[in-house]
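Taken in sequence, the protein lines are chains A and B. The C-terminal position of the first sequence is numbered 205 in our numbering, with every residue numbered one higher than the one before it. The C-terminal position of the second sequence is numbered 1257 in our numbering, with every residue numbered one higher than the one before it. Data first, discussion second: the structure below is written as structure tokens.
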Amino acid sequence: MEVIEINEKEFEEKTKKGKVFVDCFATWCGPCKMLSPVIDEVAKEVEDYNFYKLDVDDAQEVAEKYGIMSIPTMLIFDDGKLKETLVGFRTKDEIKEVLK
Amino acid sequence: MYDIIIVGAGPAGLTAALYALRANKKVLVLEAKSYGGQIINANKVENYPGIKSISGFDYATNLYNQVKELGCEIKYETVERVEENKNVVTNKGSYNAKAVILATGAENRKLNIDKERDFVGRGISYCATCDANFYKNKTVAVTGGGNTAIEDAIYLSDICDKVYLIHRRDEFRAEKKYVEELKTKSNIEFVLNANVVNLNGNSKLESIIIKYNDDNEKEIKVDGLFIAIGQEPKNEIFKNIVELDKLGYIVALDDVHTNKKGIYVAGDARVKSLRQLTTAVADGSIAATTAIKEMEN
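See the structure below:
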């Protein structure tokens, strides 16, 4: 599965059904840039999730709604319900463990 | 069997790899998280000789690509221990080498107060350049007195309504140039001779309690607290194999020798007077060349 970049307008639509993983990042954030290739790898190996990334600089409302105050933050949804929030860099294994 | 195993893929570890690879040695770098170490959090690096300005991420990525092009093998595994015979055991396997270079670096020092961990990403931050934008037009505090704390406070003052700078002394370890710049900001309030002792809030940080050195306490309402009180090493797993000082840094007999033959240390992980990019890469190059010289003798 590819990681697809979405914008704030698409956020609700994309997260309301099924298992969804959203990598909330910003273009200027070093640790986010480190995390991005890790998420690409996780997405290749985990099949039952849809993977998205969201530039939070252009998604203030989502950031506000989910209390995002640090990036990278990863949001994990199941049928629109927030199941888990991960803050900060994680390894591939750590993320896969959470998605199990 | 490797010639050299390097633990840690920060600037010190990758520089050691660079020198060892250029000497045609077989090298394995083991990294628990991502390459680059602490420098990836630096918005701008402007004190590395010969490079006027570069982001920490770009610097780390350039160095990473440089060693990858030389064929560097990097495994993302967590080292659990290093044994006498220079066997390195990770969460996934075990590797042997003629020499081991410990370049585990350091991480942000914690205040070690209640709720600190719970509020990470909910008001507590160790990286102003990463998180400042979430505090636009809000009130924040920075605690610390070194370059990072002062730079963070300057950076935040342009984004936030109000910034408190809390420091346990009334003098700063930071360079004068930074302190003078901070003093020109109108929305900065200095809170000196004081420590943060308590964090309040339900789902996120709402206020902090500070205690002055004369024991008076005060509550300050803040949306965020940026902790910049220095670094601490993570060498606990090596305490049975090499000597650590009481802060946990690896004791280096001269430049890069530990008290164990064939095990070297480079970068922030060791006892040293200045922890900077320049001294980390200097250590990395010395550790690799010293290790090579001594394994060939």
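Note that CB positions come from ideal geometry on N, CA and C, so glycine has one too. All values derive from a computational prediction rather than experimental measurement.
What do you reckon, are the CB atoms on residue i and residue j nearer than 9 Å?
i, j, result
"tyrosine 1224 (chain B)", "leucine 1062 (chain B)", "yes"
"glycine 1083 (chain B)", "glutamate 1166 (chain B)", "yes"
"isoleucine 1197 (chain B)", "lysine 1070 (chain B)", "no"
"isoleucine 1169 (chain B)", "aspartate 1215 (chain B)", "no"
"leucine 1207 (chain B)", "glutamate 1076 (chain B)", "no"
"alanine 1020 (chain B)", "alanine 1248 (chain B)", "no"
"isoleucine 1252 (chain B)", "alanine 980 (chain B)", "yes"
"phenylalanine 1150 (chain B)", "tyrosine 1124 (chain B)", "yes"
"lysine 158 (chain A)", "serine 141 (chain A)", "yes"
"glycine 1244 (chain B)", "alanine 1226 (chain B)", "yes"
"leucine 988 (chain B)", "lysine 1046 (chain B)", "no"
"lysine 1171 (chain B)", "asparagine 1155 (chain B)", "yes"
"arginine 1129 (chain B)", "asparagine 1153 (chain B)", "yes"
With a threshold of 16 other CB atoms inside 10 Å of the CB of residue i, please say whether the residue is buried or exposed.
i, result
"asparagine 155 (chain A)", "buried"
"serine 1013 (chain B)", "exposed"
"glutamate 1111 (chain B)", "buried"
"aspartate 1174 (chain B)", "exposed"
"glutamate 1037 (chain B)", "buried"
"leucine 1234 (chain B)", "exposed"
"threonine 1144 (chain B)", "exposed"
"leucine 1204 (chain B)", "buried"
"methionine 139 (chain A)", "buried"
"aspartate 1183 (chain B)", "buried"
"leucine 1213 (chain B)", "exposed"
"serine 1054 (chain B)", "exposed"
DSSP three-state label for residue i, please.
i, result
"serine 1117 (chain B)", "helix"
"arginine 982 (chain B)", "helix"
"proline 1009 (chain B)", "coil"
"valine 1216 (chain B)", "coil"
"valine 147 (chain A)", "helix"
"methionine 179 (chain A)", "strand"
"aspartate 1175 (chain B)", "coil"
"alanine 1057 (chain B)", "strand"
"serine 1085 (chain B)", "strand"
"aspartate 1018 (chain B)", "helix"
"alanine 1066 (chain B)", "strand"
"alanine 1101 (chain B)", "strand"
"asparagine 155 (chain A)", "strand"
"valine 987 (chain B)", "strand"
"cysteine 129 (chain A)", "strand"
I'd like to know if residue i contacts chain B, where contact means its C-beta is closer than 9 Å to some C-beta of that chain.
i, result
"glutamate 140 (chain A)", "Checking the displayed sequence, the identity of residue 140 (chain A) turns out to be leucine instead of glutamate. Yes, leucine 140 (chain A) lies at the interface with chain B (some Cβ there is under 9 Å from its Cβ)."
"lysine 197 (chain A)", "yes"
"valine 143 (chain A)", "yes"
"aspartate 163 (chain A)", "no"
"alanine 168 (chain A)", "yes"
"valine 127 (chain A)", "no"
"alanine 148 (chain A)", "no"
"phenylalanine 116 (chain A)", "no"
"phenylalanine 182 (chain A)", "no"
"threonine 120 (chain A)", "no"
"valine 192 (chain A)", "yes"
"isoleucine 176 (chain A)", "yes"
"isoleucine 173 (chain A)", "yes"
"glycine 135 (chain A)", "yes"
State yes or no: is the beta carbon of residue i nearer than 9 Å to at least one beta carbon in chain A?
i, result
"glycine 1104 (chain B)", "no"
"valine 1156 (chain B)", "no"
"alanine 972 (chain B)", "no"
"tyrosine 1036 (chain B)", "yes"
"asparagine 1003 (chain B)", "yes"
"aspartate 1091 (chain B)", "yes"
"valine 1080 (chain B)", "yes"
"glycine 996 (chain B)", "yes"
"threonine 1108 (chain B)", "no"
"threonine 935 (chain B)", "Not covered by the structure: residue 935 (chain B). The range shown for chain B is 961 to 1257."
Using DSSP's beta-bridge definition, name the partner residues of residue i.
i, result
"leucine 1237 (chain B)", "DSSP output for leucine 1237 (chain B) lists no bridge partner at all."
"valine 1151 (chain B)", "B:Ile1126"
"lysine 1181 (chain B)", "B:Ser1167"
"asparagine 1001 (chain B)", "None, per the DSSP bridge assignment."
"threonine 190 (chain A)", "A:Leu180"
"phenylalanine 207 (chain A)", "Outside the shown range of chain A (106 to 205) lies residue 207 (chain A), about which nothing can therefore be said."
"glutamate 1033 (chain B)", "B:Leu988"
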